[in-house]
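Number of protein chains: 2
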Amino acid sequence: MSSQQLDPRELAIWGAFLDLWRVLASGMERQLADAGSSGADYQVLVTLEEAGHPLRPRDIGNQLAWDRSRVSHQLRRMEQRGLVTRTSVEVDARGTLVALTAQGRQTLRAAAPGHVAWVRQNFLRHLDDDDAEVLTRVAQQIVDSLTRAE
Amino acid sequence: MSSQQLDPRELAIWGAFLDLWRVLASGMERQLADAGSSGADYQVLVTLEEAGHPLRPRDIGNQLAWDRSRVSHQLRRMEQRGLVTRTSVEVDARGTLVALTAQGRQTLRAAAPGHVAWVRQNFLRHLDDDDAEVLTRVAQQIVDSLTRAE
DNA sequence: CTCGTGTGACTGACCTGTCAACAAGGAGGA
DNA sequence: TCCTCCTTGTTGACAGGTCAGTCACACGAG
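Protein sequences appear in the order of chains A and B.
Going by the numbering used here, the first residue of the first sequence is number 1, and it counts up by one from there.
Going by the numbering used here, the first residue of the second sequence is number 1001, and it counts up by one from there.
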């Protein structure tokens, strides 16, 4: 029942999931690279575009569940590449406002359709309604459980 | 049918999966760090232990689906930390043999039970037989599809 | 034999992510 | 006011990963 090793049935499930994880991660990253972006850049760009207005690093971090340090490093790199700007004008003197540049918006527009098509083609297409229900329910349950446990 | 955005139903599925991915990755990495290891170290240690004898970097790479460069960097770091040794004695003069050290074996023994328990507690526990069947089937199908497409 | 091609492994440059430390600004109570 | 504590954001050091380039060797065709 609780040995030191996963039994074959457990291993088949967990191994299949790990393989899925690996090929989806590398495939998605490759697709975004072909479109001139990257996973991290894309997530930040989408977050800013959907908000419709400049955001503080804190809000980006909350949205993506990234820690402050990661957000800061990522924004510095994206600023150097001309995708976003940071301005310190703010009510809270600690704060920074991060805004999309024209180039950032254009990078997002160039990458988004291919990304959406990739997700449909390589993930959603393989799920019928019942599969999708199972996957969504299980995923939410695991996320809830792990999030509450923190 | 094929708009530029994911519709709400698609987004619920894909978003749930991305969240699952994120919490499992960070949780698993944290658990292994608490046990004195890391995801990359652990995979290499398990591969070597299960083989039961020293392996060549090529074989480790094939087993884990890592490229040669990644394997080489990882082994260099693990050798510096005393987890493995590399010896150049070999029939094929290009080859290297990678072996576990006592410390490597001990690190694995210290990490394995907690890792297995973590996978059961945070992943397998949430899947009944039907869920597991759906997940395994879908994962294999997606992996096959993406692997063949390379 | 030797030439060409493929394989095994390493390295350096560079990008990404985590952690710990830090600086500096708010916010509230004694 | 002053003290304390929390929040925001940055940075440096480091582990991890990808990519391109390099070197040595293996091996079959001719």
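Beta carbons: idealized from backbone N, C-alpha and C, even for Gly.
Cβ atoms of Leu1011 (chain B) and Val138 (chain A) stay farther apart than 8 Å, at about 17 Å.
The beta strand (DSSP E) runs lying completely inside the stretch 4-74 of chain A and spanning 3 residues or more number zero. Taking all protein chains in view, the Cβ of Asp1041 (chain B) is crowded by 16 or more other Cβ atoms within 10 Å, so the residue is classified as buried.
Taking a C-beta cut-off of 7 Å against chain A, the contacting residues of the stretch 1059-1081 of chain B are Ala1065, listed in chain order.
For Leu1100 (chain B), the enclosing beta strand (DSSP E) starts and ends at 1097-1100.
Taking 8 Å as the cut-off, the beta carbon of Leu124 (chain A) is found closer than this to the beta carbon of Ile1013 (chain B).
The C-beta of Trp1014 (chain B) comes closer than 8 Å to at least one C-beta of chain A. Spatial neighbours of Gly114 (chain A) in its own chain (CB-CB distance under 7 Å, excluding positions within 5 residues in sequence) are listed in chain order as Gln31, Ala35. The residues Thr1107, Ala1111, in chain order, have a CB closer than 7 Å to that of Ser1037 (chain B) in the same chain once the five nearest residues on each side in sequence are set aside. Listed along chain A is no residue with a C-beta nearer than 7 Å to that of Ala1110 (chain B); the closest approach is about 12 Å. Here Gln80 (chain A) is exposed, its C-beta having fewer than 16 other C-beta atoms within 10 Å. Looking from the CA of Arg1076 (chain B), the closest CA among B:Val1116, B:Val1044, B:Gln1063 belongs to B:Val1044. In the displayed model, Val1134 (chain B) falls within a helix according to three-state DSSP.
Nearest C-alpha to Thr1101 (chain B) among B:Trp1066, B:Arg1109, B:Ala1149: B:Arg1109.
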